[in-house]
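Peer 1: The structure is given below, and queries will be raised subsequently.
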Amino acid sequence: MSNATTGSRKIFSLPAVTPSTSVNSVSLIHVLSLLADDVLALRGAAFPVHRKYAREALRQVVVIREFLADVVAEALPASAFVGLAELHVALQKLGHLLRDLARPGARLWVLVNSDRVSNNFRALFRSVATALEVLPLGAASPEVMELVQLVAEQAWKAEGGTLPSDALAARIVWSALALFENGIEPDLIDLNDLMEHLQIRSWSDCSEEIAFLEDLFFDCEENEAASIGSLEALMAYCRATLFDADDHNKRTGGNQFKALHRPVNHVNLDDLRCPISLELMLDPVTIATGQTYDRASISKWLKSGCLTCPVTGKKLTDTAFVSNYAVQHLVEQLCASKNLSFPEPNSKQKRDGSKTATPPSSAAAGAMKMAAAFLVRKLAFPTSLEQSRAAFEVRRLSKSNVFNRTCLVEAGAVPWLLHLSSSMDSSTQDNAMAALLNLSKHPSGARAIVEVGGLGLVVDVIRLTFKVEAQQNAVAILFYLSLVEEYRAAIGDLPEAIPLLVELMREGSYRGKKNAIVTIFGLSLCSSNRVKILESGAVPALMALLSGQEKGNLANDSMAVLAKIAEHPDGTAKILCYDGAISRLVEFFRSTGTSRSGRESCVSALLSLCVNGGAEVVELLRSMPVVMPPLYSLVTEGSPQAGKKARSLLNRIHEV
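Written out as structure tokens, the structure reads:
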């Protein structure tokens, strides 16, 4: 079971520490008071499921807190420790359980685990009753004593079982999944009732549910995958069909949609830095105090034993945290506006995408196919706002789930998204291109783009676009298409494609340059594109990137393309025509900022230049002794292939 979204504690796990027998009554009463206060801090939380049990638990804790405030600790006999210790454990567990019920994103999961939750409540109520019965109530006032006795009596009588309203909502869930499994669309009125019961009233609420279930799915055992995946697909279907602009109950993704696309010029970059690492928050999460941190930083903080909020200093009684998608999107937008790269968070990179290649269940398959068909119908709507929202939903559903991409392509989303790529509405165009990028990563999606004549439309977006993000996504689409051998020549045959990519290498944003470089590399693998790449001025643009202000990955990627170009005599000639080309390559080769892969590409390029350029190039290298130490280093520390090329280059340099 996943604990990625719940801090260091798995949902529904109720760990508790029993106090040491050496603790005196005064200290124990104080600790119990703090525990009770922490639980009572949840009185303002929403409890969509198990409301009755949650209210009863809070009522019991209120009485316990009154007893703790009223009792004279010094007057308690030693025998009171047993009851106080039992209360210590019960209060910890009640706090955990109530926080699970109130946790954003976990509402559907709590609902379908109603029997487990109600059994936990029943067991904890009896623990409270047992503790209260053995406490020396005479140490409290008569009024409090009477109240405690009443609560203990009621706690014993508390019935278990799923509440009728929760059972009805759960039946809607199981009924909907059964209908999905049989290829039948569930009644939207029933799903609307389910959302109302769970108090899921916005696109953002629904997205939190999907994110929580997605985390569970990637961390779950194999026997749990089908049920969790089915629930995730159900929520995805609900988000696509219920949260619409025309919904008069304000169950709409409209406000969320606008919020995710609002201008970020007024946002201070420093406000989006993690208070711990002072780096941009790539994977922001919010903890119990309301403060937001980068997931990796706060996880490391908690694992080190620091159980306080780094900003407020407040003690954390619960180490749960939830993803903050609003902050994450602001970071993405701000990075794009400032031409900064935005790497994927490590937690997402480690996920096994192959787990989503096939549907976890037939119900999940049915739900996604129906959601895809619904969204494609919306893409055909005559209004730009509806089209843009549908494209945005396609974009989100296809972001990382392979089977979702399959469903959307098979439903016919690609032609409509290509049509929207030329929209005069910037948000519509942006969402369409981002969605197409996700679908282009799927073989059937790439094939659909090419077969319907979409290559020219994608290139048009590179040339004419409202947003730099749409342009960057268009280039990335060409990159994924260039991975397919049969599409490389077709891309190169478009007169503007390669010149536009070279222009982006010179003038584009960081992401634009990177996408253009790797796309040019893919296109260079096709012999018919080689001359076009050279004639478009690729070599000067690539050489400039080796020592420009934007070093690092851009320089390493540029070197890989130059190495490929240098393999052929015409490419060698173009490189040698660049003033100071060999010196530039040697400088890159010996730079401490050059990666191992960059050095290996560079030695490959230098060897090709020697082979194709002849003695003049070899003599020039021979006159540069600074190249020797990194060459010898590559012989001993590089990959077998790189070491072989380094030895070959050394042999040429040493030949008399």
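Residue 327 in UniProt numbering sits at position 327 of the sequence shown, and the numbers go up by one each step.
Beta carbons: idealized from backbone N, C-alpha and C, even for Gly.
I517 to I653, Cα distance in whole Å?
Peer 2: As a working mapping, residue 517 is identified with position 517 in the sequence shown. As a working mapping, residue 653 is identified with position 653 in the sequence shown. Near 31 angstroms, if we compare the C-alpha coordinates of I653 and I517.
Peer 1: Would S528 be called buried (16 or more neighbouring beta carbons within 10 Å of its own) or exposed?
Peer 2: On the sequence shown, position 528 is the one that residue 528 refers to. Under this definition S528 is an exposed residue.
Peer 1: Evaluate F119 with the Cβ neighbour count: other Cβ atoms within 10 Å of its Cβ, from every protein chain shown; 16 or more gives buried, anything less gives exposed.
Peer 2: Locating residue 119 in the sequence shown gives position 119, counting from the first residue. According to the sequence as given, residue 119 is Asn; it is not Phe. When all chains shown are included, N119 counts as exposed.
Peer 1: What number of angstroms, rounded off, separates the C-alpha of Q291 from the C-alpha of K314?
Peer 2: Taking the first residue of the sequence shown as position 1, residue 291 is located at position 291. Taking the first residue of the sequence shown as position 1, residue 314 is located at position 314. So the alpha carbons of these two residues sit roughly 11 angstroms apart.
Peer 1: Verify whether the separation of the beta carbon atoms of H88 and R9 is less than 8 angstroms.
Peer 2: Residue 88 sits at position 88 when you count from the first residue of the sequence shown. Residue 9 sits at position 9 when you count from the first residue of the sequence shown. For H88 and R9, no; Cβs fall outside 8 angstroms.
Peer 1: Mind checking which residues open and close the beta strand (DSSP E) that includes I287?
Peer 2: Residue numbering aside, residue 287 sits at position 287 when the sequence shown is read from its first letter. From DSSP, the beta strand (DSSP E) with I287 extends over P284 to I287.
Peer 1: Just to confirm before moving on: does the CB-CB distance between G44 and E208 stay below 8 angstroms?
Peer 2: Sequence index remark: in the sequence shown, residue 44 carries index 44 (1-based). Sequence index remark: in the sequence shown, residue 208 carries index 208 (1-based). Contact: no.
Peer 1: In the DSSP assignment, find the alpha helix (DSSP H) that holds Y293 and state where it starts and stops.
Peer 2: As a working note, residue 293 is residue 293 in the sequence shown. No alpha helix (DSSP H) contains Y293, which is instead part of the beta strand (DSSP E) from T292 to D294.
Peer 1: Note down the Cα distance separating E451 from K514, rounded to an integer number of angstroms.
Peer 2: Counting from one through the sequence shown, the residue named residue 451 turns up at place 451. Counting from one through the sequence shown, the residue named residue 514 turns up at place 514. Going from the Cα of E451 to the Cα of K514 covers about 27 angstroms.
Peer 1: Do F121 and A170 have their C-beta atoms closer together than 8 angstroms?
Peer 2: The residue given as residue 121 occupies position 121 in the sequence shown. The residue given as residue 170 occupies position 170 in the sequence shown. No; because the gap between Cβ atoms is not below 8 angstroms, this pair is not in contact.
Peer 1: At the level of alpha carbons, what is the spacing between V82 and A123?
Peer 2: Here residue 82 corresponds to residue number 82 of the sequence shown, with the count starting at 1. Here residue 123 corresponds to residue number 123 of the sequence shown, with the count starting at 1. Roughly 18 angstroms separates the two Cα atoms.
Peer 1: For A167, which residues of its own chain have a beta-carbon under 8 angstroms away from its beta-carbon, when the five flanking residues on both sides are left out?
Peer 2: For this step, residue 167 is matched to residue 167 along the sequence shown. So the list reads S114, once near-sequence residues are dropped.
Peer 1: From the DSSP output, in three-state form, read off T308 for me.
Peer 2: What you label residue 308 is simply residue 308 of the sequence shown in a count that begins at 1. Three-state result, T308: strand.
Peer 1: Could you check the C-alpha separation between E393 and A240 for me, to the nearest Å?
Peer 2: The residue labelled residue 393 in the question sits at position 393 within the sequence shown. The residue labelled residue 240 in the question sits at position 240 within the sequence shown. Roughly 7 angstroms between the two C-alpha positions.
Peer 1: For T572, count neighbouring Cβ atoms within 10 angstroms of its own Cβ and tell me buried if that reaches 16, exposed if not.
Peer 2: The residue you call residue 572 lines up with position 572 of the sequence shown. Label assigned to T572: buried.
Peer 1: Along the chain, where does the alpha helix (DSSP H) containing V461 start, and where does it finish?
Peer 2: Locating residue 461 in the sequence shown gives position 461, where the first residue counts as 1. Taken as a continuous stretch (DSSP letters only), the alpha helix (DSSP H) holding V461 covers L455 to R463.
Peer 1: Could you pull out every residue in the same chain whose Cβ sits closer than 7 angstroms to the Cβ of L194, ignoring the five residues on either side in sequence?
Peer 2: Translated into the one-based positions of the sequence shown, residue 194 becomes position 194. Once the five neighbours on either side are set aside, the close Cβ partners of L194 are A169, I172 and V173.
Peer 1: How should P640 be labelled, buried or exposed, when 16 other C-beta atoms within 10 angstroms of its C-beta is the threshold for buried?
Peer 2: Within the sequence shown, residue 640 is the residue found at index 640, counting from 1. Classification of P640: exposed, given that the 10 Å Cβ count is below 16.
Peer 1: Measuring straight from C-alpha to C-alpha, what distance separates A288 and L40?
Peer 2: In the sequence shown, residue 288 corresponds to position 288, counting from 1. In the sequence shown, residue 40 corresponds to position 40, counting from 1. Looking at the two C-alpha atoms, the distance is approximately 14 angstroms.
Peer 1: For L32, which residues from the same chain have a beta carbon less than 7 angstroms from its beta carbon, with the 5 sequence-adjacent residues on both sides left out?
Peer 2: Stepping through the sequence shown from its first residue, residue 32 is reached at position 32. The residues are L68, L84, L87, H88 and L91.
Peer 1: Roughly how many angstroms lie between the CA atoms of L135 and L14, to the nearest whole one?
Peer 2: Here residue 135 refers to the residue found at position 135 when the sequence shown is read from its first residue. Here residue 14 refers to the residue found at position 14 when the sequence shown is read from its first residue. Rounded to whole angstroms, L135 to L14 spans 24 angstroms at the Cα level.
Peer 1: Assuming G366 contacts F180 under a Cβ cut-off of 8 angstroms, what Cβ separation, rounded to an integer in Å, is found between them?
Peer 2: Within the sequence shown, numbered from 1, the residue matching residue 366 stands at position 366. Within the sequence shown, numbered from 1, the residue matching residue 180 stands at position 180. Yes, they are in contact, since the Cβ atoms of G366 and F180 sit about 4 angstroms apart, within 8 angstroms.
Peer 1: Under 8 angstroms, do M559 and R584 count as touching if we go by C-beta distance?
Peer 2: Here residue 559 is taken as the residue at index 559 of the sequence shown, counted from 1. Here residue 584 is taken as the residue at index 584 of the sequence shown, counted from 1. Not in contact: M559 and R584 (Cβ atoms no closer than 8 angstroms).
Peer 1: Hey, H197 and P77 are a contact pair by Cβ (cut 8 angstroms); roughly how many whole angstroms apart?
Peer 2: Sequence index remark: in the sequence shown, residue 197 carries index 197 (1-based). Sequence index remark: in the sequence shown, residue 77 carries index 77 (1-based). No, H197 and P77 are not in contact; Cβ-Cβ is about 48 angstroms, not under 8 angstroms.
Peer 1: Between R506, S509 and R488, which lies nearest to R530 when the distance is taken from Cα to Cα?
Peer 2: What you label residue 530 is simply residue 530 of the sequence shown in a count that begins at 1. Nearest option by C-alpha distance: R488.
Peer 1: On the CB-based measure, 16 or more other CB atoms within 10 Å of its CB, does T21 come out buried or exposed?
Peer 2: Start at 1 with the first residue of the sequence shown, and residue 21 comes out as number 21. The residue is exposed, with fewer than 16 neighbouring Cβ atoms inside 10 Å.
Peer 1: Is there at least one Cβ from chain D nearer than 8 angstroms to V49's Cβ?
Peer 2: As a matter of chain content, chain D is missing from the structure shown, which is built from one protein chain.
Peer 1: If you reduce the DSSP assignment to three classes, tell me which class L124 lands in.
Peer 2: One-based indexing of the sequence shown puts residue 124 at position 124. Helix at L124.
Peer 1: Across which residues does DSSP place L280 in a beta bridge pair?
Peer 2: Numbered from its first residue, the sequence shown carries residue 280 at position 280. Bridge partners of L280: R273.
Peer 1: Whose C-beta lies closer than 7 angstroms to the C-beta of L562 among residues of the same chain, with five residues either side of it excluded?
Peer 2: Within the sequence shown, numbered from 1, the residue matching residue 562 stands at position 562. Cβ neighbours of L562 beyond the five flanking positions: L542, I575 and A605.
Peer 1: State buried or exposed for D187, treating a residue as buried only when at least 16 other CB atoms are found within 10 Å of its CB.
Peer 2: Within the sequence shown, the letter at position 187 stands for residue 187. When all chains shown are included, D187 counts as exposed.
Peer 1: Assuming G522 and F479 are in contact, meaning their beta carbons sit under 8 angstroms apart, how far apart are those beta carbons, in whole angstroms?
Peer 2: Residue 522 sits at position 522 when you count from the first residue of the sequence shown. Residue 479 sits at position 479 when you count from the first residue of the sequence shown. Right, the Cβ-Cβ distance comes to about 6 angstroms (below 8 angstroms), so this counts as a contact.
Peer 1: Can you grab the Cα-Cα spacing for the pair residue 688 / I462, in whole Å?
Peer 2: In the structure as shown, the chain starts at 1 and stops at 656, and residue 688 therefore has no counterpart that could be examined.
Peer 1: Just checking my contact of I565 with V617 at CB under 8 angstroms: how many whole Å lie between their CB atoms?
Peer 2: For the purposes of this step, residue 565 is taken as residue 565 along the sequence shown, with counting starting at 1. For the purposes of this step, residue 617 is taken as residue 617 along the sequence shown, with counting starting at 1. At roughly 15 angstroms, the Cβ-Cβ gap does not stay under 8 angstroms, so I565 and V617 are not in contact.
Peer 1: Using only CA atoms, which one of F12, I11 and L28 lies nearest to T18?
Peer 2: In the sequence shown, the residue the question calls residue 18 occupies position 18. Answer by Cα proximity: L28.
Peer 1: How many angstroms separate the CA atom of C610 from the CA atom of N473?
Peer 2: Looking up residue 610 in the sequence shown gives position 610. Looking up residue 473 in the sequence shown gives position 473. Taking the straight line joining both Cα atoms gives about 38 angstroms.
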